[in-house]
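Visitor: Mind looking over this structure? Questions follow.
2 protein chains.
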Amino acid sequence: MKKYNDTTYAILGILTTECKTGYAIKQLIDNSLNHFWKISYGQIYPTLKLIVQEGLAEVRTSSTPGKPDKNEYYLTTKGLEELKKWLEQPVEQLPIERNEILLKLFFGRNQAKEKTVLLLQNYQQELENRLQTYEAIEKGILSHNHTVEDSFYWLLTLDYGKRTTKAAIDWCECTLEKFLTKGD
Amino acid sequence: MKKYNDTTYAILGILTTECKTGYAIKQLIDNSLNHFWKISYGQIYPTLKLIVQEGLAEVRTSSTPGKPDKNEYYLTTKGLEELKKWLEQPVEQLPIERNEILLKLFFGRNQAKEKTVLLLQNYQQELENRLQTYEAIEKGILSHNHTVEDSFYWLLTLDYGKRTTKAAIDWCECTLEKFLTKGD
DNA sequence: ATCTCCATGTAAAAGGTTACATGATTTC
DNA sequence: GAAATCATGTAACCTTTTACATGGAGAT
Numbered sequence: 303m304k305k306y307n308d309t310t311y312a313i314l315g316i317l318t319t320e321c322k323t324g325y326a327i328k329q330l331i332d333n334s335l336n337h338f339w340k341i342s343y344g345q346i347y348p349t350l351k352l353i354v355q356e357g358l359a360e361v362r363t364s365s366t367p368g369k370p371d372k373n374e375y376y377l378t379t380k381g382l383e384e385l386k387k388w389l390e391q392p393v394e395q396l397p398i399e400r401n402e403i404l405l406k407l408f409f410g411r412n413q414a415k416e417k418t419v420l421l422l423q424n425y426q427q428e429l430e431n432r433l434q435t436y437e438a439i440e441k442g443i444l445s446h447n448h449t450v451e452d453s454f455y456w457l458l459t460l461d462y463g464k465r466t467t468k469a470a471i472d473w474c475e476c477t478l479e480k481f482l483t484k485g486d
Numbered sequence: 303m304k305k306y307n308d309t310t311y312a313i314l315g316i317l318t319t320e321c322k323t324g325y326a327i328k329q330l331i332d333n334s335l336n337h338f339w340k341i342s343y344g345q346i347y348p349t350l351k352l353i354v355q356e357g358l359a360e361v362r363t364s365s366t367p368g369k370p371d372k373n374e375y376y377l378t379t380k381g382l383e384e385l386k387k388w389l390e391q392p393v394e395q396l397p398i399e400r401n402e403i404l405l406k407l408f409f410g411r412n413q414a415k416e417k418t419v420l421l422l423q424n425y426q427q428e429l430e431n432r433l434q435t436y437e438a439i440e441k442g443i444l445s446h447n448h449t450v451e452d453s454f455y456w457l458l459t460l461d462y463g464k465r466t467t468k469a470a471i472d473w474c475e476c477t478l479e480k481f482l483t484k485g486d
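Chains as they are written, first to last, in our numbering: chain S, 303 to 486; chain E, 303 to 486.
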């Protein structure tokens with residue numbers, strides 16, 4: 303069986319939801335998968351074309367009077383199977399996420415201590431902003447009445463983001479302290 | 303002033319250490335930056351060429367009798383300045399790391415609960431392996447007598463890895479529990 | 001009138017991986 | 001003699017971003 307890239311599987315997954323157009327896919331990703339996945343129109347439309355070519359989905363043109371037409375994509379049986387097959391497969395290897403702050407820190411010898419401290423403080427602030435965003439989204443999910451099933455999975459991914467962000471904030475605090483007590 | 307990509311700055315940073323050849327750069331990254339940065343020869347050699355073109359480093363051919371020649375790269379004043387300028391700049395925006403397990407989990411509705419559980423258990427195992435690797439590296443650094451200054455920054459980046467990995471493991475445990483108590 | 005949102009796309013450039021090619025030296 | 005390590009590099013390919021282009025509908 304053919305293997306596709308993760309972008310393709312992400313789109314196949316989204317096509318199992320209410321989102322059926324390229325535009326709607328982009329919106330769903332920006333709204334709900336934003337903290338662990340992103341994608342541009344430059345990928346979406348060509349990938350949709352590929353998905354149709356491969357017989358994983360079908361296009362239907364939907365016309366609403368007084369509105370421009372739009373292309374709606376519907377998964378085929380083959381498409382759903384392909385998605386399920388991918389879902390089952392274990393994550394092959396943990397990704398090595400490139401981390402700019404760690405890269406800069408690693409070369410910290412070449413910089414005055416005070417500047418590294420500023421860098422870390424700024425980073426911590428960014429992390430705290432992110433955490434607040436996550437908490438705001440969480441509240442939004444809990445107050446809005448989505449189906450329980452839908453919000454269940456969404457909240458799980460948010461929880462991951464909250465936990466790892468908190469861990470990173472703790473690290474920042476701890477690291478800053480090391481710098482401030484370091485007497486050189 | 304020109305802006306370069308992070309790969310270029312990473313190499314400039316490494317050139318401030320003892321590593322002077324393309325091969326040595328690759329090794330340093332694989333050994334010490336492995337958990338937050340990676341790079342292939344396909345990037346290293348062309349980037350070194352660019353760095354020389356831009357006057358950020360100079361090549362010197364080092365000949366040792368009985369050994370093949372090698373190209374050693376030395377930062378110029380301009381190169382060091384360029385590096386320092388980059389080090390000072392705050393991390394513009396937190397990266398959105400693509401996370402395959404979260405993507406799969408997000409589409410978990412389309413899969414039997416037991417299969418999702420397997421996925422998570424496997425992921426947790428991978429995380430635990432990673433954590434052990436980090437702890438082994440930490441021990442290695444502490445026992446080996448590097449200079450204090452060098453190991454200081456190295457240990458900081460390792461600490462980040464340990465903390466965020468632990469947070470991810472906790473999340474796995476917590477999520478698995480939610481699945482196992484979920485009665486559907 | 002203008003702005004925002006809905007909606008679809010393409011082309012060029014940038015960034016990165018993989019596979020290949022080569023050859024010396026060192027270790028087992 | 002074989003395998004691992006040192007050492008340098010390129011070409012093809014894949015993925016992703018960015019910038020551009022277009023145009024209707026609805027709101028202010």
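Heads up, the beta-carbon is just placed ideally off N, CA and C, and yes, glycines get one too.
None of these values were measured; they are calculated from a predicted model.
Between T323/S and E374/S, how many whole angstroms is the CB-CB distance? I'm expecting something under 8 Å.
Guide: On the first sequence, residue 323/S is found 21 positions in, with the first residue counted as 1. On the first sequence, residue 374/S is found 72 positions in, with the first residue counted as 1. Confirmed, Cβ separation roughly 6 Å.
Visitor: Within 10 angstroms of the Cβ of C476/S, are there 16 or more other Cβ atoms? Answer buried if so, exposed if not.
Guide: To locate residue 476/S, count along the first sequence from 1; it is residue 174. Label assigned to C476/S: exposed.
Visitor: By the criterion of Cβ-Cβ separation under 8 Å, what are the contact partners of N412/E in chain S?
Guide: Here the question's residue 412/E lines up with position 110 in the second sequence. G315, T318, L382, L385, K386, L389, listed in chain order.
Visitor: With burial defined as no fewer than 16 other Cβ atoms inside 10 Å of the residue's Cβ, what is the status of L389/E: buried or exposed?
Guide: If you number the second sequence from 1, residue 389/E lands on position 87. Buried, since its Cβ has 16 or more Cβ neighbours within 10 Å.
Visitor: For a contact meaning CB atoms closer than 9 Å, what does V419/E contact in chain S?
Guide: Sequence index remark: in the second sequence, residue 419/E carries index 117 (1-based). None at all; the shortest Cβ gap to chain S is about 12 Å.
Visitor: Hey, how far is the Cα of Q426/S from the Cα of T435/S?
Guide: Locating residue 426/S in the first sequence gives position 124, counting from the first residue. Locating residue 435/S in the first sequence gives position 133, counting from the first residue. In a straight line, the C-alpha of Q426/S is about 14 Å away from that of T435/S.
Visitor: Could you have a look at R400/S and say whether DSSP puts it in helix, strand or coil?
Guide: The residue you call residue 400/S lines up with position 98 of the first sequence. Residue state, collapsed to three classes: coil.
Visitor: Per DSSP, which one or two residues make a beta bridge with E374/S?
Guide: Position 72 of the first sequence, counted from the start, is the residue given in the question as residue 374/S. Beta-bridge pairing links E374/S to R362/S.
Visitor: What are the start and end residues of the alpha helix (DSSP H) that includes L422/S?
Guide: Within the first sequence, residue 422/S is the residue found at index 120, counting from 1. 415 to 445 is the span of the alpha helix (DSSP H), which, as asked, contains L422/S.
Visitor: Taking DSSP as the reference, what is the three-state secondary structure of S334/E?
Guide: For the purposes of this step, residue 334/E is taken as residue 32 along the second sequence, with counting starting at 1. Note: S334/E maps to helix in three-state DSSP.
Visitor: Can you find at least 3 beta carbon pairs, one from the region 349 to 359 of chain E and one from the region 446 to 455 of chain S, that sit closer than 8 Å?
Guide: No, they do not touch.
Visitor: Do R411/E and E383/S have their CB atoms nearer than 9 Å?
Guide: Here residue 411/E corresponds to residue number 109 of the second sequence, with the count starting at 1. Here residue 383/S corresponds to residue number 81 of the first sequence, with the count starting at 1. Their beta carbons are not under 9 Å apart, which means R411/E does not touch E383/S by this criterion.
Visitor: Do we get a CB-CB distance below 9 Å when we pair Y462/E with the residues of chain S?
Guide: Here residue 462/E refers to the residue found at position 160 of the second sequence. True, the Cβ-Cβ gap to chain S drops below 9 Å.
Visitor: Could you tell me whether any Cβ in chain E is nearer than 9 Å to the Cβ of P348/S?
Guide: Here the question's residue 348/S lines up with position 46 in the first sequence. P348/S does not count as touching chain E.
Visitor: Measuring only between beta-carbons, confirm whether E360/E sits less than 9 Å from chain S.
Guide: Here residue 360/E refers to the residue found at position 58 of the second sequence. By this cut-off, E360/E is not an interface position.
Visitor: Does any C-beta atom of chain S lie closer than 9 Å to the C-beta of S334/E?
Guide: Sequence index remark: in the second sequence, residue 334/E carries index 32 (1-based). Cβ-Cβ to chain S under 9 Å: yes for S334/E.
Visitor: Can you pull the chain E neighbours of A469/S, defined as C-beta to C-beta under 8 Å?
Guide: For the purposes of this step, residue 469/S is taken as the residue at position 167 of the first sequence. Ordered by position in chain E, the residues that pass the 8 Å Cβ test against A469/S are R465, T466, K468, A469.
Visitor: Under 9 Å between C-beta atoms, does A312/S make it to chain E?
Guide: If you number the first sequence from 1, residue 312/S lands on position 10. For A312/S, the answer is yes, since a Cβ of chain E falls inside 9 Å of its Cβ.
Visitor: Helix, strand or coil for L457/S per DSSP?
Guide: On the first sequence, residue 457/S is found 155 positions in, with the first residue counted as 1. Correct three-state label for L457/S: helix.
Visitor: Using the rule of at least 16 other Cβ atoms within 10 Å of the residue's Cβ for burial, across every protein chain shown, is T379/S buried or exposed?
Guide: The residue labelled residue 379/S in the question sits at position 77 within the first sequence. It counts as exposed.
Visitor: In whole angstroms, give me the CA-to-CA distance for C474/S and K387/E.
Guide: As a working note, residue 474/S is residue 172 in the first sequence. As a working note, residue 387/E is residue 85 in the second sequence. Rounded to the nearest angstrom, the two C-alpha atoms are 22 Å apart.
Visitor: For I443/E, decide whether its Cβ has a neighbour in chain S, counting only Cβ atoms nearer than 9 Å.
Guide: One-based indexing of the second sequence puts residue 443/E at position 141. Answer no: the Cβ-Cβ gap between I443/E and chain S never drops below 9 Å.
Visitor: Roughly how many angstroms lie between the CA atoms of I403/S and G442/S, to the nearest whole one?
Guide: In the first sequence, the residue the question calls residue 403/S occupies position 101. In the first sequence, the residue the question calls residue 442/S occupies position 140. If you take the alpha carbons of I403/S and G442/S, they lie about 31 Å apart.
Visitor: Go through its chain and collect everything with a Cβ distance to S453/E's Cβ below 7 Å, but skip five positions before and after it.
Guide: Taking the first residue of the second sequence as position 1, residue 453/E is located at position 151. I443, listed in sequence order.
Visitor: Locate the alpha helix (DSSP H) running through K380/S, then write down its first and last residues.
Guide: Position 78 of the first sequence, counted from the start, is the residue given in the question as residue 380/S. It spans 379 to 390 - the alpha helix (DSSP H) in which K380/S sits, taken as one unbroken run.
Visitor: Using the beta-carbon count (16 or more within 10 Å), is T363/S buried or exposed?
Guide: Residue 363/S sits at position 61 when you count from the first residue of the first sequence. Result: exposed.
Visitor: With distance defined between alpha-carbon atoms, name the residue in E479/S, K351/S, D308/S nearest to K340/S.
Guide: For this step, residue 340/S is matched to residue 38 along the first sequence. It is D308/S.
Visitor: Mind listing the chain E neighbours of D308/S? Cutoff is C-beta to C-beta under 8 Å, in chain order.
Guide: Within the first sequence, the letter at position 6 stands for residue 308/S. By Cβ distance, chain E contributes R400, E402, L405.
Visitor: Check whether the Cβ atoms of T319/S and L330/S sit closer than 9 Å, and answer yes or no.
Guide: Counting from one through the first sequence, the residue named residue 319/S turns up at place 17. Counting from one through the first sequence, the residue named residue 330/S turns up at place 28. Taking 9 Å as the Cβ cut-off, T319/S and L330/S qualify as a contacting pair.
Visitor: Given that a residue counts as buried once 16 or more other Cβ atoms are within 10 Å of its Cβ, and exposed if not, what is S365/E?
Guide: Working through the second sequence from its first residue, we reach residue 365/E at position 63. S365/E is exposed by the Cβ-count criterion.
Visitor: I want to see whether chain E comes within less than 9 Å of Y455/S, judged by CB atoms only; does it?
Guide: Numbered from its first residue, the first sequence carries residue 455/S at position 153. Closer than 9 Å: yes.
Visitor: Compare the C-alpha of L350/E against each of L377/E, K415/E, L429/E, D332/E and name the closest.
Guide: Within the second sequence, numbered from 1, the residue matching residue 350/E stands at position 48. Nearest C-alpha to L350/E: L377/E.
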